[in-house]
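Novice: Below is the structure I would like to discuss, written out as structure tokens.
Protein chains: 2
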Amino acid sequence: MAEFSFRITETCGSARIGILETANGCIETPYLVPVATLATVKSLDSSDLESIGAQCVLANTYHLYLRPGDSIVKKLGGLHKFMNLKVPIFTDSGGFQAFSLGYGMEHNINKLGGVFSGDKKAEEGKEKLARITEEGIIFKSVYDGSKHVLTPKKSMSIQSNLGSDIIMALDECTSPLSGYEYTERALVRTHRWAKESLRHHDRKQAIYGIIQGGYFRELRKKSSEFISSLPFEGIAIGGALGKSKKDMHEILDWIVPMLNDRPRHLLGIGEVDDLFECVERGIDTFDCVAPTRLARRGGLYIRPESGGKISNKFRINIDNKTFREDKEPIDKKCKCMTCRKYSRAYLRHLYAANELAYFRLATIHNLSFMLTLMKELRESIRGKTFSKLKKKWL
Amino acid sequence: MAEFSFRITETCGSARIGILETANGCIETPYLVPVATLATVKSLDSSDLESIGAQCVLANTYHLYLRPGDSIVKKLGGLHKFMNLKVPIFTDSGGFQAFSLGYGMEHNINKLGGVFSGDKKAEEGKEKLARITEEGIIFKSVYDGSKHVLTPKKSMSIQSNLGSDIIMALDECTSPLSGYEYTERALVRTHRWAKESLRHHDRKQAIYGIIQGGYFRELRKKSSEFISSLPFEGIAIGGALGKSKKDMHEILDWIVPMLNDRPRHLLGIGEVDDLFECVERGIDTFDCVAPTRLARRGGLYIRPESGGKISNKFRINIDNKTFREDKEPIDKKCKCMTCRKYSRAYLRHLYAANELAYFRLATIHNLSFMLTLMKELRESIRGKTFSKLKKKWL
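Line order of the protein sequences matches chains Z and R.
For what it's worth, the working numbering labels the leading residue of the first sequence as 1, then goes sequentially.
For what it's worth, the working numbering labels the leading residue of the second sequence as 1, then goes sequentially.
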């Protein structure tokens, strides 16, 4: 049996603090899980993650299956040993790529209906690289064009080889542009795959079932009921999450009241405002590439005390010329290594010169910023001051 | 006056151990100075340099003048503050770019006569971007094509703004393909520039004069005599250094006996065998992009105990498929962070996937390897076992 437990220690409205325990350590929730797609949080190594205090990471089944290959990771002792990382590791199931490499590419959208910003290689090609059958997802590799079939059994086998602590059932992430009928057919399939995933998964790993159903109340409720009825260790909520953040909140309002005390993971979400809105609605964990991807593109988070607000998305763009001679750190209130050691001017110089050091320093800041925010969210739940904190930020 | 002293503490033949003292700390020589072209050792930050134990770095006048601009660095408190680095900093004078962007590009050669491997941008363009006048070097920026004139006075002013501890006189680095006559004319100019550099340099900085003269014994001797006669704090030896390593050794054999006890820096040299050959001939400091550049291109150093030898240039190429499942570190004898934490298989995966984390981990290894080798060289001089160590390696 998987070494796994989840204990809720405090609540404040629907928001809650929990302790998620695995063989590789604990996660105090709510938590934003840093994304380590290819067994590396881009630009960082495991010492950096330790310094930042990352409690866990999420790696990507599809990408690791293709590179370096899950059997190689297994031979090398699994992801923890491969990455030399001693914290719980989540893996997704590969189901999201059914969308991002399929409909997402075809329709050039992301799962909130915005412009697609998924895999760069895929983005450039624009040729649809995934399609769905009843058995699974048929992929064309983004690396060499080779063909692969991801069935629930195969996804479980890959995730077993990767040796993560928390795995996901294979699902089909539909498009915000899919209609009711398609979304319903996909849901029937996702539910069947959920049961197959449960049947085939490695018992040493904790498995989360994924609720789908698009922006259709009836389907989301059906899915919540069905997935909750199965013996999953946790529940994940997958996209499509409507066409706006308001839609997403509504979807959570439908789903969450139907869930019991198992941990709840919201897949692929994690901008600053999302964290407030979704923690408030009872979400325990998130994963999102935004903090790391934005960092690499020059977007650095700042707190309200330093001018961060909804309208600037809580960030500055370090490429801005106004920072050329700015001696201040990114954020005076931030205690991360980057802010303790370097000025905006130095970071701007590194960014403008496309210097490798920039990417790491920026990533360290953005992740530290987010993990600090998560800590403040937890403290505000504990102190019953969540609304006050939310008001300060939003 | 510059806070600067150099004290020789041990000798073994012509090889010697020294302590070079500056306001920002000491360097125990012989030492290979890591190159921080644009105020960053590519992929590392100052904490990494501290962890590696880097005693100093060398930054590039030409590149920093163009980006972010020396006046900006000055406003930000100089290079030490800009980089948050508390060790002595060397800057070159920009004279090497007279070659690499001029003759080097035109003739597609490096200063030992091999294929030019200088600035990537320049390499791609192949248009000559520098030419020499009696007043100075006329450059076209590799970034925006803008025109700039680097005179001795200007080079001194830039280096003063950068605030480095040890600066270089402006020189003209000639091409290995230049004949006697041109090299002699260039030498007269370099000697005049040496005096002008001395006249205009910031007295708070220690200044090294540069010996030129190509692969011409008479000119090298003339230059050694002239540069030695001036009140420079140290002596640097510039290229062209002939067309082979043998030529380079011969050039050192002509020059070094003519120098007194001031510190001797060999510009732009630093492969493993060079360090042995040149330390043996009395060189105190080196600077070379090889360890960092090779690291980024997959070339990782290994010691003789791990199979390193002249024929494989003391390195493995991590891209090699044989490393796909290799659980061992790059070099079992290496104590660097990368070797303590990660397998060749993990590094190969990161390299093959072009993951940013690779560049830093590889750079940490190669620099640590070189700095450990320098330490062993010093210990062998102290213990009078230099020849034994050289035999073990070469």
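C-beta: ideal position from N, C-alpha, C; glycine also.
Ends of the beta strand (DSSP E) at Ala2 (chain Z)?
Specialist: Careful: Ala2 (chain Z) lies outside any beta strand (DSSP E) and carries neither H nor E.
Novice: Name the residues in the segment 355 to 389 of chain Z whose C-beta lies less than 8 Å from a C-beta of chain R; which are they?
Specialist: Under the 8 Å Cβ criterion, the segment 355 to 389 of chain Z contributes Glu355, Leu356, Ala357, Phe359, Arg360, Leu361.
Novice: If you measure between the beta carbons of Leu377 (chain R) and Pro30 (chain R), is that distance less than 7 Å?
Specialist: Yes, the pair counts as a contact, with Cβ atoms nearer than the cut-off.
Novice: With a 10 Å radius around its C-beta and 16 neighbouring C-beta atoms as the bar for buried, classify Arg7 (chain R) as buried or exposed.
Specialist: When all chains shown are included, Arg7 (chain R) counts as exposed.
Novice: Measuring straight from C-alpha to C-alpha, what distance separates Glu325 (chain R) and Ile19 (chain Z)?
Specialist: Distance between the alpha carbons of Glu325 (chain R) and Ile19 (chain Z): 36 Å.
Novice: Considering only the alpha carbon of each residue, which of R:Pro257, R:Ser155, R:Met374 lies closest to Ile52 (chain R)?
Specialist: Here the closest residue by C-alpha is R:Met374.
Novice: Going by DSSP, which residues form a beta bridge with Lys147 (chain R)?
Specialist: Paired residue(s): R:Lys140.
Novice: I'd like to know whether the C-beta atoms of Glu280 (chain Z) and Ala15 (chain Z) end up nearer to each other than 7 Å.
Specialist: For Glu280 (chain Z) and Ala15 (chain Z), yes; Cβs fall inside 7 Å.
Novice: Report yes if the C-beta distance between Ile251 (chain Z) and Leu241 (chain Z) is below 7 Å; otherwise report no.
Specialist: Yes.
Novice: Just tell me which of Z:Arg262, Z:Arg264, Z:Ile330 has its CA closest to the CA of Ala295 (chain Z).
Specialist: Nearest of Z:Arg262, Z:Arg264, Z:Ile330 to Ala295 (chain Z), Cα basis: Z:Ile330.
Novice: By how many angstroms is the C-alpha of Ala236 (chain Z) removed from the C-alpha of Leu78 (chain R)?
Specialist: In the sequence on display, residue 78 (chain R) carries Gly and not Leu. C-alpha separation (whole angstroms): 51 Å.
Novice: Of the choices Z:Leu361, Z:Leu394, Z:Asp48, Z:His148, whose alpha-carbon is the least far from that of His63 (chain Z)?
Specialist: Out of Z:Leu361, Z:Leu394, Z:Asp48, Z:His148, Z:His148 has the C-alpha closest to the C-alpha of His63 (chain Z).
Novice: Taking three-plus beta-carbon pairs below 8 Å as touching, is the segment 341 to 352 of chain R in contact with the segment 266 to 276 of chain R?
Specialist: Contact between the segment 341 to 352 of chain R and the segment 266 to 276 of chain R is absent, because fewer than three Cβ pairs lie under 8 Å.
Novice: Give me, in chain order, the residues of the same chain whose beta-carbon lies closer than 8 Å to that of Gly118 (chain R); leave out the 5 immediate sequence neighbours on both sides.
Specialist: Residue confidence is low: Gly118 (chain R) scores 44 on pLDDT, short of 50, so the model does not pin down where it sits. Its coordinate-derived value is still stated next. Result list for Gly118 (chain R): Ser100, Leu101, Gly104, Met105, Asn110, in chain order.
Novice: If you check the beta carbons only, do Leu170 (chain R) and Ser197 (chain R) fall under 7 Å apart?
Specialist: Against a cut-off of 7 Å, the Cβ pair of Ser197 (chain R) and Leu170 (chain R) comes out as a contact.
Novice: Along the beta strand (DSSP E) that carries Leu432 (chain Z), what are the first and last residues, could you check?
Specialist: Because chain Z spans 1 through 394 in this model, residue 432 (chain Z) falls outside it and cannot be assessed.
Novice: Under 8 Å by Cβ, that's how I've got Tyr180 (chain Z) and Phe226 (chain Z) pegged, so tell me the actual separation to the nearest angstrom.
Specialist: Incorrect: roughly 17 Å between the Cβ atoms, too far for contact.
Novice: When the Cα atoms are used, what is the spatial distance from Thr9 (chain Z) to Ile17 (chain Z)?
Specialist: Answer to the nearest angstrom: the Cα atoms are 6 Å apart.
Novice: Identify, in the order they occur along the chain, each residue of the same chain with its Cβ nearer than 6 Å to the Cβ of Val35 (chain Z), setting aside the five sequence neighbours on each side.
Specialist: Result list for Val35 (chain Z): Leu58, Asp287, Val289, in chain order.
Novice: In whole angstroms, what is the alpha-carbon distance linking Trp393 (chain R) and Met337 (chain R)?
Specialist: Each residue's alpha carbon lies about 23 Å from the other.
Novice: Return the chain-ordered list of same chain residues with a C-beta closer than 6 Å to the C-beta of Leu85 (chain Z), the five sequence neighbours on each side being excluded.
Specialist: These residues qualify, in order along the chain: Ser46.
Novice: Roughly how many angstroms separate the alpha carbons of Ala206 (chain R) and Cys12 (chain R), rounded to a whole number?
Specialist: C-alpha separation (whole angstroms): 27 Å.
Novice: By alpha-carbon positions, which one of Z:Arg382, Z:Leu150, Z:Glu271, Z:Glu184 ends up nearest to Thr133 (chain Z)?
Specialist: Here the closest residue by C-alpha is Z:Leu150.
Novice: Within 10 angstroms of the Cβ of Arg203 (chain R), are there 16 or more other Cβ atoms? Answer buried if so, exposed if not.
Specialist: Arg203 (chain R) should be labelled exposed.
Novice: In chain Z, which residues lie with their C-beta within 8 Å of the C-beta of Lys341 (chain R)?
Specialist: The answer, in chain order, is Asp45, Ser46, Ser47, Asn84.
Novice: Please determine whether the Cβ atom of Phe232 (chain Z) lies at a distance below 6 Å from any heavy atom of the ligand ATP.
Specialist: This structure does not include the ligand ATP; it has no bound ligands of any sort.
Novice: According to DSSP, which residues form a beta bridge with Asn317 (chain R)?
Specialist: DSSP lists R:Gly299 as partners of Asn317 (chain R).
Novice: Tell me which residue opens and which closes the beta strand (DSSP E) that Phe90 (chain Z) is part of.
Specialist: Counting along the chain, the beta strand (DSSP E) containing Phe90 (chain Z) begins and ends at 89 to 91.
Novice: Within the same chain, show all residues whose beta-carbon is closer than 6 Å to that of Thr174 (chain Z), passing over the 5 residues directly before and after it, in chain order.
Specialist: If we look at Thr174 (chain Z) and ignore the five residues flanking it on each side, its Cβ neighbours are Thr183, Ala186, Gly214, Ala240.
Novice: Counting only runs that start and end within the segment 20 to 90 of chain R, where is the beta strand (DSSP E) found for 3 or more residues in a row?
Specialist: Fully enclosed beta strand (DSSP E) runs of 3 or longer: 25 to 29, 31 to 33, 57 to 59.
Novice: Could you tell me the distance, in whole angstroms, from the CA atom of Met156 (chain Z) to the CA atom of Leu44 (chain Z)?
Specialist: Those two C-alpha atoms are separated by around 28 Å.
Novice: Once DSSP output is grouped into helix, strand and coil, what is the label at Cys288 (chain Z)?
Specialist: Three-state DSSP puts Cys288 (chain Z) in coil, outside helix and strand.
Novice: Answer with yes or no whether the minimum CB distance from Leu129 (chain R) to chain Z is below 7 Å.
Specialist: For Leu129 (chain R), the answer is no, since every Cβ of chain Z falls outside 7 Å of its Cβ.
Novice: So what does Met168 (chain Z) bridge to, in DSSP terms?
Specialist: The partner list for Met168 (chain Z) (beta bridge, DSSP) reads Z:Tyr208.
Novice: Skipping 5 residues on each side, what residues in its chain have a beta carbon closer than 7 Å to that of Ala352 (chain R)?
Specialist: Same-chain partners within the cutoff: Asp319.
Novice: Exposed or buried, which one is Gly145 (chain Z) when buried takes at least 16 other CB atoms within 10 Å?
Specialist: Exposed, by the Cβ-count rule.
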